[in-house]
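With the numbering used here, the residue at position 161 of the sequence shown is 157, and numbering never jumps.
The structure under discussion appears below in the form of C-alpha cells.
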Amino acid sequence: MQLEYLENQIFKNIDYSKVKFKKGEYENCSFQNCNFSKSDISHTSFINCKFKNCDLSSVKNIDTSFKRVEFIGCKLLGFHFDNCNEFLLSFSFDDCQLNLSTFYKMKLHKTTFIKCIIHEADFSEADLTNSVFDNCDFKDSVFDHTILEKSDFRTSYNFIIDPDSNRIEKAKFSSDNVLGLLTKYNIEIE
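Structural data, given as C-alpha cells:
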C-alpha cells in the first residue's frame, strides 16, 4: 500500500476521532486545534511538523516517526512515546500536558520540555542527556535507571529522583528543588 506524501499543508479544527486520519508522510505541515484522541496514527511520519493546541490523548502510535516535531499547547495524556520509531526521533514540548505518558527506554538527548505538566509519567531507563525541563511539574513521575546527565531541572518541581538509581552527573538543580533528590532519606531540612 502506497502511503500519501503531504507537504507544507495546514490542518485546522479537524476531529480525527470522527474522521479517519490519512496515514502517510507529513513534511513541514501544521496541525492546529485538531482532535486525534483515540485515533490511529501508526506507521506515519511527521517531519518538521508543528502540533498546536491539539489533543493526542490515548492515540495508537505504533512505529510513528517524529523528526524535528514541535508540540505546543497540546494534550498528550497516556501517550506511549516508547512505541515510536526511534530513528532520528526528535521533538520538543511547550505548555503541554503529558500526564500518564511513557518514555520507557527512549533515547531523547537534548529534548526540551517547557511549562509542561508531566504527572505520573514513566521515564524509566530513558536517556535524557542534555535535556531541558523548564518550569515543569513532575508530580508522581517515575525516574528509575534514567540517564539525566547534564540535564537542566533548575525551574522544575515535584520530582523525586534517587541519585543512587539514576545518573545525574552534571545535571542542574536549584537550591529550591534539590530536596527532590533527598526524598528517600526521609530527612527534615529547616
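Cβ coordinates follow ideal geometry from the N, Cα and C atoms, glycine included.
The model shown is predicted, which means the values in this text are computed figures rather than measured ones.
- Assignment of beta strand (DSSP E) within the region 72 to 148, counting only whole runs of 3 or more residues, yields 81 to 90, 108 to 110, 128 to 130 in chain order.
- Per DSSP, Arg163 is not a residue of any beta strand (DSSP E), being assigned neither H nor E.
- Taking the CA atoms as reference points, Asn31 sits about 32 Å from Asp140.
- In the DSSP assignment, Val55 forms no beta bridge with any residue.
- Within its own chain, the residues whose Cβ lies closer than 8 Å to the Cβ of Asn49, once the five positions on either side in sequence are excluded, are Gln28, Asn29, Ile68, Gly69, Cys70, listed in chain order.
- By alpha-carbon distance to Asp160, the top candidate from Ser97, Ile143, Phe62 is Ile143.
- The alpha-carbon of Ala122 is positioned some 10 Å away from that of Asp78.
- By the 16-neighbour rule on beta-carbons within 10 angstroms, Gln93 is buried.
- In terms of Cβ geometry, Asp59 and Asn81 form a close pair [threshold 7 Å].
- Distances from the alpha-carbon of Leu124 to those of Lys14, Asp11, Ala167, Leu(-1) put Ala167 closest.
- When secondary structure is reduced to three states using DSSP, Tyr12 falls in the coil class, being assigned neither helix nor strand.
- Distance between Asp51 and Arg150, taken at the CA atoms: about 28 Å.
- Per DSSP, Gly176 lies in no beta strand (DSSP E) and is assigned neither H nor E.
- Close CB contacts of Glu0 within its chain, under the 6 Å cut and outside five residues either way in sequence, are with Lys18, Gly20 (chain order).
- About 13 Å separates the CB atoms of Asn57 and Leu73; that is not less than 8 Å, and the two are not in contact.
- No Cβ-Cβ contact shorter than 7 Å links Phe42 with Val15.
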